[in-house]
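Chain order of the listed sequences is A and B.
Counting from 487, one number per residue, gives the positions in the first sequence under the numbering used here.
Counting from 5, one number per residue, gives the positions in the second sequence under the numbering used here.
A virtual CB, placed ideally from N, CA and C, is assigned to each residue, including glycine.
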Amino acid sequence: MPDPKIGHDRETRRLWPALALPGTFWLIALFLVPIYAVMAVAFSDRINLFGEPIPAWNPVDWQFGTFSTVLQESVSGIYQEVWIRTAIYSFWALVICIVVGYPVAYYTARLAGRRRGLVLALILAPWWINYITRMLAWVNLLQDDGYVNKFLGLFGFAPHSWLNGSSFTVVMALAYGYLPFFIIPLFASLDRIDGRLLEASRDLGVNSVRTFWAVTLPLSRLGLITAIVITALPMAGDYYTNTIVSGSPKTNMVGNQIELFLLNGPQKNLGASIVLLLSIVLVFFMAYYLVLTQRASRDTR
Amino acid sequence: MTATITPPPATTRTAPARKWVPPWRNPWRKPYVLATLTWLYIVWSLLPVVIAVQFSFNNGRSRSTWQGFSMQWYCCNDGSVFEDPSLTLALKNSLILGVATVLVATPLGVMLAMGLSRWRSKASRVANGIAMVPLVTPEIVIGSALYLVMVNLYQFVPLGRPAMLLGHVTFSVSYVLVIVRSRLLSIGREYEEAARDLGASPLQAIRTILVPLLMPSIFASAMITFATSLDDFVVSQFLFGDASNITVPIKLYSAVRAAPTPALNALASLLLVGSFLALLLAVVGLRARKRGAGGSVLEDMADFS
Numbered sequence: 487m488p489d490p491k492i493g494h495d496r497e498t499r500r501l502w503p504a505l506a507l508p509g510t511f512w513l514i515a516l517f518l519v520p521i522y523a524v525m526a527v528a529f530s531d532r533i534n535l536f537g538e539p540i541p542a543w544n545p546v547d548w549q550f551g552t553f554s555t556v557l558q559e560s561v562s563g564i565y566q567e568v569w570i571r572t573a574i575y576s577f578w579a580l581v582i583c584i585v586v587g588y589p590v591a592y593y594t595a596r597l598a599g600r601r602r603g604l605v606l607a608l609i610l611a612p613w614w615i616n617y618i619t620r621m622l623a624w625v626n627l628l629q630d631d632g633y634v635n636k637f638l639g640l641f642g643f644a645p646h647s648w649l650n651g652s653s654f655t656v657v658m659a660l661a662y663g664y665l666p667f668f669i670i671p672l673f674a675s676l677d678r679i680d681g682r683l684l685e686a687s688r689d690l691g692v693n694s695v696r697t698f699w700a701v702t703l704p705l706s707r708l709g710l711i712t713a714i715v716i717t718a719l720p721m722a723g724d725y726y727t728n729t730i731v732s733g734s735p736k737t738n739m740v741g742n743q744i745e746l747f748l749l750n751g752p753q754k755n756l757g758a759s760i761v762l763l764l765s766i767v768l769v770f771f772m773a774y775y776l777v778l779t780q781r782a783s784r785d786t787r
Numbered sequence: 005m006t007a008t009i010t011p012p013p014a015t016t017r018t019a020p021a022r023k024w025v026p027p028w029r030n031p032w033r034k035p036y037v038l039a040t041l042t043w044l045y046i047v048w049s050l051l052p053v054v055i056a057v058q059f060s061f062n063n064g065r066s067r068s069t070w071q072g073f074s075m076q077w078y079c080c081n082d083g084s085v086f087e088d089p090s091l092t093l094a095l096k097n098s099l100i101l102g103v104a105t106v107l108v109a110t111p112l113g114v115m116l117a118m119g120l121s122r123w124r125s126k127a128s129r130v131a132n133g134i135a136m137v138p139l140v141t142p143e144i145v146i147g148s149a150l151y152l153v154m155v156n157l158y159q160f161v162p163l164g165r166p167a168m169l170l171g172h173v174t175f176s177v178s179y180v181l182v183i184v185r186s187r188l189l190s191i192g193r194e195y196e197e198a199a200r201d202l203g204a205s206p207l208q209a210i211r212t213i214l215v216p217l218l219m220p221s222i223f224a225s226a227m228i229t230f231a232t233s234l235d236d237f238v239v240s241q242f243l244f245g246d247a248s249n250i251t252v253p254i255k256l257y258s259a260v261r262a263a264p265t266p267a268l269n270a271l272a273s274l275l276l277v278g279s280f281l282a283l284l285l286a287v288v289g290l291r292a293r294k295r296g297a298g299g300s301v302l303e304d305m306a307d308f309s
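Below you can see the structure in the form of structure tokens.
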């Protein structure tokens with residue numbers, strides 16, 4: 487009697503690729519080709535009557551005039567300030583994320599019993615509240631006659647104008663906006679740490695601080711890196727947060743520059759060049775993250 | 005080293021006298037500091053939104069001074085959500101776009117998940133890698149890339165609802181893939197092989213065995229897709245074209261600095277209700293697959309992120 491599996495294999499060998507085909511085709515046409523389109527526009531110096539770039543689809547026709555100008559202006563020139571500001575804002579917002587997010591994720595991961603579900607649900611909740619809505623909520627609170635100024639007034643502080651180009655407001659808004667995305671992957675990783683290891687450490691007489699440095703932190707290193715990368719990537723391209731809470735060119739980030747060139751003017755090759763430059767900066771983080779998660783999923787399998 | 009484990013030499017072994025330990029030195033104390041910090045964070049993260057929702061019921065035009073309860077910004081008053089045509093339009097557009105995205109992205113993602121997890125070859129590994137990249141690509145890159153390709157190459161796709169649909173499906177497919185594939189890997193291939201041994205054709209095996217087994221995760225991923233589409237701002241903003249295609253997040257964004265009325269808060273609250281309903285259904289769907297294991301559904305959701 488022939489092994490039925492061989493017959494199955496022959497039929498399914500064509501079935502599985504056929505099932506994967508539409509989705510793969512979709513991702514090629516609407517993810518890879520668009521990324522290529524960014525390059526085609528960025529590497530084009532020719533413009534049409536409206537001053538819009540004519541994309542160079544053939545790599546042979548690529549010209550690097552615009553891109554190298556943008557690169558120079560980014561390193562030392564008119565765009566330099568925006569890049570530095572993006573780096574500084576993202577850095578401080580990430581510091582706040584780590585300082586606030588780590589203890590919260592740790593506490594939630596170590597909780598047991600009935601309260602765990604509640605705390606977890608409350609921590610997951612902001613993830614599902616629209617980002618713009620959460621910023622809108624702060625705009626309400628930070629109005630000149632809003633609750634924040636009223637609250638500070640109780641302690642005798644004069645009303646402060648928060649929403650007119652304050653870097654402090656933007657950094658706090660970024661931290662507030664991205665903390666849920668930071669906490670959740672970190673929680674998932676802290677949750678996997680075997681509680682017995684921490685108990686063992688305490689049984690051996692090590693105090694909490696040393697337990698943290700010697701056991702918890704090394705075991706959650708991967709989760710911490712994941713959380714930082716997952717938060718830093720969108721933060722570096724953020725433009726809506728500071729438009730909403732500041733609206734002043736004094737706090738513009740790289741994302742604002744991209745939005746300006748792509749959506750509000752004809753100089754789309756400048757915009758595409760900045761997108762490309764941003765992608766090059768971020769691609770290291772993305773690749774690092776993908777390699778880490780691939781390795782982690784291989785280990786657990 | 006704490007004093008708890010080294011008893012002073014003067015005491016006998018039968019009566020281990022415990023030296024008094026200050027609470028901050030005791031590693032077994034309750035984590036009051038952490039608990040306080042966590043609850044403070046929860047209040048900080050949710051209270052502003054609660055206040056914003058509260059102001060959608062304000063009986064006056066102010067978004068910072070409470071003037072009593074009223075439903076006037078939701079219904080039946082000039083400028084309320086359901087009377088202001090631009091707000092109603094945004095709500096309608098968001099819902100249509102969300103439903104359309106679910107209808108396209110779910111089958112596409114489920115098929116992709118089945119294909120990629122069962123088909124073992126070099127090509128499938130490459131396709132798998134490509135499918136993961138959209139999850140880590142910053143939205144501004146996806147948004148601007150899609151915008152440039154629609155304007156310059158796929159000119160047959162007009163900016164507006166068609167372009168937004170394509171964009172939303174593109175980032176949703178990867179979510180569906182991740183959720184459904186994790187379930188596929190956990191059920192293994194024994195059931196389909198049994199069906200095949202009993203004479204089912206490959207398609208029959210998928211339809212009668214695999215799809216029912218995957219149903220909870222398909223449903224959950226559909227709901228999560230709906231919620232992400234409803235909440236998406238960046239891709240929509242790059243692709244919406246003109247004001248007739250505005251969605252709720254775009255409307256909120258463009259109106260927030262222009263002295264809006266509490267009707268805007270009402271619109272945001274309705275969006276909130278929409279995505280929470282979808283989320284609730286997703287949790288119910290996932291719970292159907294593991295009855296009894298209550299809290300772990302939330303942990304699954306945490307793992308998906």
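| query | result |
| --- | --- |
| Counting pairs of beta carbons, one from the region 628 to 640 of chain A and one from the region 684 to 704 of chain A, are three or more of them closer than 8 Å? | no |
| Rounding to the nearest angstrom, what Cα-Cα distance links Leu756/A and Ser90/B in this structure? | 33 Å |
| To the nearest angstrom, how far is the alpha carbon of Thr15/B from that of Asp689/A? | Residue placement at Thr15/B is flagged as unreliable, the pLDDT there being 44, under the threshold of 50; the coordinate-derived value follows with that caveat. Taking the straight line joining both Cα atoms gives about 21 Å. |
| Given a cut-off of 8 Å, decide if Ile669/A and Ala591/A are closer than it, judged by their beta-carbon atoms. | yes |
| Output needed for Arg17/B: all residues of its chain with C-beta closer than 6 Å, excluding positions within five of it in sequence on either side, in chain order. | Residue placement at Arg17/B is poorly supported in this model, since its pLDDT is 48, which falls under 50; the coordinates still yield a value, given next. For Arg17/B, where only same-chain residues beyond five positions count, there are no Cβ hits under 6 Å. |
| Keeping to the same chain, check which residues put their C-beta closer than 6 Å to that of Ala259/B; ignore five residues upstream and five downstream. | Leu268 |
| Need the endpoints of the alpha helix (DSSP H) that Met739/A sits in, please. | It is not in any alpha helix (DSSP H) - Met739/A carries neither H nor E in the DSSP assignment. |
| In or out: Arg554/A buried (at least 16 other Cβ within 10 Å) or exposed? | The residue you asked about is not Arg; residue 554/A is Ser in the sequence shown. Per the 10 Å Cβ criterion, exposed. |
| Keeping to the same chain, check which residues put their C-beta closer than 7 Å to that of Leu768/A; ignore five residues upstream and five downstream. | Leu719, Ala722 |
| Just checking: is the beta-carbon of Arg620/A within a distance shorter than 8 Å of some beta-carbon in chain B? | yes |
| State the start and end residues of the unbroken alpha helix (DSSP H) segment that holds Ser624/A. | The question names Ser, but residue 624/A in the sequence shown is Trp. Looking at the DSSP string, the run of the alpha helix (DSSP H) that includes Trp624/A is 617 to 628. |
| What residues in the region 638 to 671 of chain A bring their beta carbon closer than 9 Å to a beta carbon of chain B? | Leu649, Tyr662, Leu665, Pro666, Phe667, Ile669, Ile670, Pro671 |
| Using the Cα positions of Leu290/B and Met115/B, report the straight-line distance between them to the nearest angstrom. | 19 Å |
| With distances taken Cα to Cα, identify the nearest neighbour of Pro752/A among Phe517/A, Gly537/A, Leu513/A, Asp531/A. | Gly537/A |
| Can you pull the chain A residues whose beta carbon is under 8 Å from the beta carbon of Arg67/B, in chain order? | Asn626, Gln629 |
| Taking Cβ-Cβ distances shorter than 8 Å, what residues in chain A pair up with Phe242/B? | Leu748, Leu749 |
| Are the CB atoms of Leu120/B and Ala506/A within a distance shorter than 8 Å? | yes |
| What is the DSSP secondary structure of Ile533/A, counted as helix, strand or coil? | strand |
| In the structure shown, what three-state DSSP assignment does Phe242/B receive? | helix |
| Bridge partners for Asn62/B per DSSP, in chain order? | Phe73/B |
| Please state whether the Cβ-Cβ distance between Leu95/B and Leu271/B is less than 8 Å. | yes |
| I need the boundaries of the alpha helix (DSSP H) containing Thr555/A, first residue and last residue. | 551 to 561 |
| Rounded to whole angstroms, what is the Cα-Cα separation between Phe771/A and Thr712/A? | 10 Å |
| Using a Cβ-Cβ cut-off of 8 Å, state whether Phe517/A counts as contacting chain B. | yes |
| Take Thr265/B and list the residues in its own chain whose beta-carbon comes closer than 8 Å to its own, dropping the five residues that flank it on each side. | Arg65, Arg67, Trp77, Gly83 |
| Quick one: which residues of the region 752 to 767 of chain A get their C-beta closer than 8 Å to a C-beta of chain B? List them in chain order. | Lys754, Gly757, Ala758, Val761, Leu764, Ser765 |
| Measure the alpha-carbon distance for Thr105/B versus Ile222/B and round it to whole angstroms. | 14 Å |
| Does any residue of chain B bring its CB to less than 8 Å from the CB of Leu776/A? | yes |
| Which parts of the region 715 to 779 of chain A are runs of the alpha helix (DSSP H), unbroken and 4 residues or longer, counting only runs that do not cross its ends? | 726 to 731, 740 to 749 |
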